[in-house]
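Student:
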Amino acid sequence: MRSLKDHMELISSFVAGQSAPETLAPLMEPEFDLGPRAMVYRNSSLSAATEALRSNYPGTAAIMGADFFGSMARSYIDAYRPKARSLVGYGQTLVQFISAAQSEHRLAWLSDVAALDRAWLEAHLASDQSIMLPEDFAELTDRVDNVEKVRLSFVPSVRLRVVSWSVFDLWQELRKGQVPTQQLDALQSPEQVLLWRSEHEVQVRKLSAAEYTFLQALLEQGALGVAAESALAIDGNLSLQNLLAATVAAGLYVHPNSKRGNQ
Amino acid sequence: MSTVLNAPSLPRAGIGLKPEHYREVLETGDMDLWVEVHPENYMTDGGPRHDWLTAIREGRDLSFHGVGASLGGTDTLDTDHLSKLKALIERYCPERVSEHAAWCAHEGTYYSDLLPLPRTAAALTNLCDHIDQFQNGIGQTVLIENPTNYLPFTSEMDEPDFLVEAARRTGCGLLLDVNNVWISAHNVGADPYDYIRKIPSHMVGEIHIAGHAEDPNLGGKFLIDSHGASVSDGVWTFLEFALGKLGPKPVLLERDANIPTFEILKLERDRADAILLDMREVSHAVT
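Chains as they are written, first to last, in the numbering used here: chain A, 1 to 263; chain B, 264 to 550.
1. Starting from A:R175 and walking both ways along the alpha helix (DSSP H), at which residues does that stretch end?
2. Just the Cα atoms here: how many angstroms apart are A:P82 and A:Y90?
3. Indicate whether at least one CB of chain B lies closer than 8 angstroms to the CB of A:D78.
4. Please state whether the Cβ-Cβ distance between A:L160 and B:T307 is less than 8 angstroms.
5. Is the shortest distance between the beta-carbon of B:P415 and the beta-carbons of chain A less than 8 angstroms?
6. Report yes or no: do three or more beta-carbon pairs, one from the stretch 399 to 407 of chain B and one from the stretch 326 to 345 of chain B, lie closer than 8 angstroms?
7. Run through chain A and tell me which residues come within less than 8 angstroms of B:D376, C-beta to C-beta.
8. Determine which residues share a DSSP beta bridge with B:I278 and list them.
9. Hey, would you say B:E526 sits closer than 8 angstroms to B:H490, going by beta carbons?
10. Roughly how many angstroms lie between the CA atoms of A:F97 and B:E503, to the nearest whole one?
11. Beta carbons nearer than 9 angstroms to chain A: which residues of the stretch 293 to 317 of chain B have them?
12. Kindly list, in the order they appear in chain A, the residues whose Cβ is closer than 8 angstroms to that of B:A368.
13. Taking contact to mean at least 3 C-beta pairs separated by less than 8 angstroms, is the stretch 369 to 387 of chain B in contact with the stretch 410 to 420 of chain B?
14. Taking just the CA atoms, how far does B:N443 sit from B:P410?
15. How about B:I470 and B:K508: are their beta carbons less than 8 angstroms apart?
16. Determine the direct distance from the alpha carbon of A:A233 to that of B:K281, and round the result to whole angstroms.
17. Against B:G468, what residues of chain E qualify as contacts under a CB-to-CB distance less than 9 angstroms, listed in chain order?
18. Between the beta-carbon of A:L152 and the beta-carbon of A:L218, is there less than 8 angstroms?
19. Give me the subset of the stretch 449 to 462 of chain B whose CB atoms are less than 7 angstroms from a CB atom of chain A, sorted by chain position.
20. Please name the residue in A:S47, A:Y76 and A:V150 whose C-alpha comes closest to that of A:Q221.
21. Going by alpha carbons, who is nearest to B:N480 out of A:D6, A:K206, A:A38 and A:E199?
22. Kindly list the residues whose CB is nearer than 7 angstroms to the CB of A:V144, restricted to its own chain and excluding five residues on each side of it in sequence; keep chain order.
23. Closest Cβ-Cβ distance between B:P271 and chain A: below 8 angstroms?
24. What is the DSSP secondary structure of A:T247, counted as helix, strand or coil?
25. According to DSSP, is A:R81 helix, strand or coil?
26. With 16 other CB atoms within 10 Å as the buried threshold, where does A:V287 fall?
27. Which same chain residues end up closer than 6 angstroms to A:V248 when comparing Cβ atoms and leaving out the 5 residues on each side of it in sequence?
28. What does A:D128 reach in chain B if we use C-beta pairs closer than 7 angstroms?
29. In the stretch 1 to 14 of chain A, which residues sit with their C-beta less than 8 angstroms from some C-beta in chain B, listed in chain order?
30. Are at least three pairs of beta-carbons, each pair with one atom in the stretch 370 to 380 of chain B and one in the stretch 451 to 471 of chain B, less than 8 angstroms apart?
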């Protein structure tokens with residue numbers, strides 16, 4: 001009889017697809033014909049990890065279709081088996097994996113769709129924190145000498161992303177389950193996207209380059225004055241007052257009495 | 264009045280809670296419907312799923328059914344996983360916590376499936392050591408579920424003896440999945456009724472039922488624990504036998520694939536609940 005460690009070595013190797021079912025024969029009762037039965041373990045393991053990726057990247061899965069996505073998922077799982085015992089966030093490196101495989105799938109924009117899926121998932125799972133209400137912001141600005149020196153922190157769910165291709169509208173349709181039937185015409189034109197969670201739901205919004213620059217500067221712990229200067233350098237007509245009011249109303253910032261950085 | 268009726272809470276039937284049914288479960292007036300979740304699905308920093316579970320748990324029994332502890336594995340227990348589980352237990356105070364007599368990770372890799380143990384003295388000792396560490400880590404006893412067997416691994420003891428001995432050594436309870444017993448008996452050749460007869464009633468803290476499927480290639484010769492169909496007629500009959508032998512226990516209907524509407528799932532759960540309620544009537548009548 002094999003040792004417990006041998007038992008696990010043989011089964012884990014088989015489940016990972018690194019050895020044939022016949023390698024399990026020494027673990028069986030004598031004379032037992034394995035046949036295809038052992039495949040249930042490999043298939044169940046692969047299926048669970050694939051479903052986790054499909055759940056975590058629904059837009060990507062929708063545009064790729066079941067077979068294409070399943071094939072890609074299998075390659076990814078072979079290369080990056082889960083380590084954590086929860087699959088909720090599995091696939092942390094799938095965006096980079098898809099990008100690196102561009103010569104195979106020839107879809108230059110696909111990793112951008114995956115990047116938005118990933119950002120949505122991160123926003124969905126981020127911790128909760130008290131938000132700064134408009135009256136809190138008014139009180140904050142009233143009690144400081146110089147508003148330009150104020151630093152605002154984002155709530156943990158805020159994600160800012162830049163994608164190289166114009167996939168935002170496509171991605172939104174995919175999230176609604178609407179898969180285009182015609183040739184896609186994504187342009188190589190950068191888009192800036194803001195994602196955050198409000199009222200239990202992930203919200204998304206496309207940003208102008210100036211809006212993105214302003215929020216990115218705040219994200220990097222820049223003061224309002226510095227962020228404003230950076231944004232106005234891109235678009236002198238940007239209404240910072242409107243942008244600040246809108247983002248405060250959207251619940252993007254941490255309540256002044258909370259302690260939390262941002263991402 | 265019978266012992267059953269004097270029990271602090273009469274065992275009822277519950278369902279595995281799926282996000283698709285959050286709203287219906289929250290809004291149903293049936294407060295005897297209890298729910299079970301995989302705690303691994305709630306090991307997040309925050310988010311709506313915690314809001315839902317917090318609201319649903321209010322006034323309703325909850326159990327945690329873990330799939331990631333790998334108690335049968337040779338790796339040391341994952342302390343990160345254990346600490347996250349403990350935090351969830353402290354947050355939600357579930358009525359029961361269960362895990363599996365199986366392993367799912369080896370040398371740091373998670374295989375996202377419940378993999379089989381050989382039923383040997385060495386495997387039993389290893390499992391018991393991990394159950395002890397697990398129970399100490401979470402600060403409460405755990406119920407250990409019998410696995411689904413697909414292959415006849417060389418073993419030194421049968422499964423009831425293996426599990427009962429683990430419970431005896433560690434003080435853990437057992438979660439008896441009658442669908443797993445049914446499938447295992449079919450796949451590897453054993454008497455499922457004899458299996459139940461070997462399990463002491465006082466060790467069983469919960470029973471699971473679920474649907475299974477025939478293997479797409481081997482057909483009815485080989486059953487798969489799919490959790491993707493209604494409970495089979497054979498398993499319903501077997502459940503009644505098990506409850507008759509073991510006495511009333513909380514029964515949980517699992518469904519993880521081809522998830523039906525809440526109404527359909529609840530009808531199936533109500534069938535299990537009716538069996539438990541009938542047991543109460545019988546118990547009451549003979550007292």
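The beta-carbon is built from N, C-alpha and C at its ideal position, and this holds for glycine as well.
Tutor: Taking the definition as stated:
1. F168 to R175
2. 7 angstroms
3. no
4. no
5. yes
6. yes
7. V15, Y41, S44, S45 and A48
8. B:V298 and B:L516
9. no
10. 50 angstroms
11. H301, P302, E303, N304, Y305, M306, T307, D308, G309, G310, P311, R312, H313, D314 and W315
12. R85
13. yes
14. 6 angstroms
15. no
16. 49 angstroms
17. The structure shown contains no chain E; its protein chains are A and B.
18. yes
19. none
20. A:V150
21. A:A38
22. V150
23. The predicted position of B:P271 is uncertain, since its pLDDT is 47 and thus under 50; a value taken from the coordinates is nonetheless stated next. Taking Cβ atoms only, chain A never reaches closer than 8 angstroms to B:P271, which makes this a no.
24. helix
25. coil
26. Residue 287 of chain A cannot be examined here, being either before or after the span of chain A that is shown, 1 to 263.
27. P134 and F137
28. G309
29. M1, R2, S3, L4, K5, H7, M8, E9, I11 and S12
30. no
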